Amino acid sequence: MKNIKLFERVGSFAENKDIARDIRIKEIIPAIESGKRVVLDFSNIDAATQSFVHALISDLIRKYGNDILDKIDFKSCNKNVQKIIMIVSDYMQEGT
Amino acid sequence: MNIYLPNSAFIGNIDPFLKNIDFSNKEKLEITANESWIAVHPVVLSMVAALGLPVKPENIICETLTAKSAHYLQRMGLFKFLGVKSGISVEEHESAGRFIPLTQIKNSEELSHFIKEIIPLLHLQPAQVDPIRYVVSELVRNVIEHSGSKDGAIVSAQYYKKSNRIAIGIVDTGVGIKKTINKSHNAFTNMEAIRLALIPGITGTTKKEGGTEYNAGAGLFFIKTIAKVNHDFFMIYSGDALYKLLKSGSDKLFADPFRDKHSKSEKLPIWDGTVVGVDISLDETKEFSELLDLIRGVYSKTVKERRKARYKKPKFV
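Written out as structure tokens, the structure reads:
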């Protein structure tokens, strides 16, 4: 299992898309491709932008299909962060 | 170039100010103002600063401002930004109020610093900060990624105690919305480009539904929604077109900005780049979570409809 603590990388407001893309390319994809589950840990993050979440997960859904969501756990997300993640996962699945 | 600062220019009544800007001779900037009173939205100051930035200070002519309220321009850092002397002194005892002076943001690191260190200067409650940092982050990232402007974004904000609202102006002098959108779409006018840019899921980076791995085409829709559900003003001016979301009592969201209560102006003096102004009422700020529920509903519906529109029809012969 690969546990990625986002707060250490982006602070309490997750908005930096460049960091999100780096995490996806350098950590999430290699972990998924080696058969590991990924835990995206949102502890201590009090808000995230749609752009950040899009850069973090949209290409995973496009590349690996909707089933990729079975291999990722979104940990300790507050209500608003959960909703942003839902918006992105909805439009990525509905649009493909 | 010539800019006249009127006695009042906020989003609701900004049209005459825009119509009067003279963009000819980009090497020189002349600033004149109402003699008695100047009360302008931060977006106006961001525009003046963005226009003046590439002009040599010796080519900026700013008349001696006599309006009692002219010190506001000084406090917002306009003259310092332009490298010119104002001749105005701000009295020591005067309250600085809650504002973010004109700030240039050119890259991702500067944006992160601005959000972390500068927005707290507004001294807002945590629930009030959410929409503001959201708006600033998404708009400035648009500038950094799409505008192609070497000067980045010019940002300023002001808290108005009487109306309990925050006004934000974010301006660039880049390629403008039409050029950005037309990398993947076919907008014939600046207004059509603005419309497309406000529709969720449409981005200049691709025609594909869901956007690219980096861009979804949702940022401006989110911001328009924040203004809409809080019954606030929102404006975009790019090229010769101005779209203004007007205050309405309705919370009903539309994917198409032309279905919202709005005004449109075309054939304005051409702004090379993009100007965005938004007001956020702190009294009425709807819970951010409620707003996200509304967005999710409209976004999903829009994507489904667009997907359906692309279905091939069986041919019955």
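For the record, the sequence lines run as chains A and B. Numbers 12 to 107, taken from our numbering, label the letters of the first sequence in order. Numbers 144 to 460, taken from our numbering, label the letters of the second sequence in order. Every residue gets a Cβ at the ideal spot worked out from N, C-alpha and C, and that includes glycine. Source: prediction; values computed, not measured.
Counted within 10 angstroms of its Cβ, other Cβ atoms place B/I204 as buried (16 or more) or exposed:
exposed
Could you name the residues that DSSP lists as bridge partners for A/C88?
None; A/C88 has no bridge partner.
Under three-state DSSP, which class holds A/R20?
helix
Tell me, to the nearest whole angstrom, how far the beta carbon of B/I320 is from that of B/S251; I am working on the premise that it is less than 8 Å.
So it is not a contact: roughly 21 Å between Cβ atoms.
Please check if any C-beta of chain B sits within less than 8 Å of the C-beta of A/K13.
no
Alpha-carbon spacing of B/L363 relative to B/V460, whole angstroms
45 Å
Every unbroken alpha helix (DSSP H) inside the stretch 336-385 of chain B [4 residues or more]:
362-372
Just to confirm, are B/L108 and B/I311 a CB contact at a threshold of 8 Å?
This structure cannot settle anything about residue 108 of chain B, because the visible part of chain B is limited to 144 through 460.
Can you tell me which of the three DSSP states B/Q271 falls into?
helix
Distance, B/H405 Cα to B/E201 Cα:
40 Å
Grab the span of the alpha helix (DSSP H) containing B/T323 for me, first residue to last.
320-324
Using DSSP with H/G/I as helix, E/B as strand and the rest coil, what is B/M242?
It should be pointed out that residue 242 of chain B corresponds to Phe in this sequence rather than to Met. Three-state result, B/F242: strand.
Taking its Cβ as the centre, do 16 or more other Cβ atoms sit within 10 Å of A/G46, making it buried, or is it exposed?
exposed
Please list, in chain order, all residues of the same chain as B/K171 whose beta carbon is under 6 Å from its beta carbon, the five residues on each side excluded.
N202
Tell me, please, whether the CB atom of B/I366 is closer than 8 Å to any CB atom in chain A?
no
For the stretch 26-51 of chain A, which residues have a beta carbon sitting closer than 7 Å to at least one beta carbon of chain B?
E26, N27, K28, D29, R32
Note the first and the last residue of the continuous alpha helix (DSSP H) segment covering A/R73.
70-75
Interface residues of the stretch 330-363 of chain B facing chain A [CB-CB below 9 Å]:
P343, G344, K351, E352, G353, G354, T355, E356, Y357, N358, A359, A361, G362
Along chain A, which residues have their Cβ under 7 Å away from the Cβ of B/R284?
K28, S62
Give me the chain C residues within the contact set of A/D101, using Cβ-Cβ distance strictly less than 9 Å, ordered along the chain.
In the structure shown, chain C does not exist; the protein chains are A and B.
Cα separation between B/K451 and A/Y102?
14 Å
Is the number of C-beta pairs between the stretch 177-187 of chain B and the stretch 389-399 of chain B that are closer than 8 Å three or more?
no
In this structure, what does DSSP give as the bridge partners for B/L148?
B/A176
Reference B/K169, options B/S327, B/L161, B/T316, B/K456, closest by Cα:
B/T316
Helix, strand or coil, according to DSSP, for B/N285 in the structure here?
helix
Are the CB atoms of B/D294 and B/P197 nearer to each other than 8 Å?
yes
Do you know how far the Cα of A/R73 is from the Cα of A/C88?
23 Å
Under 8 Å by Cβ, that's how I've got B/I369 and B/L434 pegged, so tell me the actual separation to the nearest angstrom.
6 Å
Pairwise C-alpha distance: B/I146 and B/N163:
7 Å
On the DSSP bridge assignment, give the partners of A/V50 in chain order.
A/N14, A/D84
Using only the alpha-carbon positions, how far apart do B/E237 and B/Q217 sit?
Low local confidence applies: a pLDDT of 45 at B/E237 is under 50, so the model's placement there is unreliable, with the coordinate-based value given in what follows. One C-alpha to the other measures close to 12 Å.
Give the straight-line distance between the Cα atoms of A/V92 and A/V50, rounded to the nearest whole angstrom.
15 Å
Under 8 Å from the C-beta of A/R73: neighbouring residues of chain B
G353, E356
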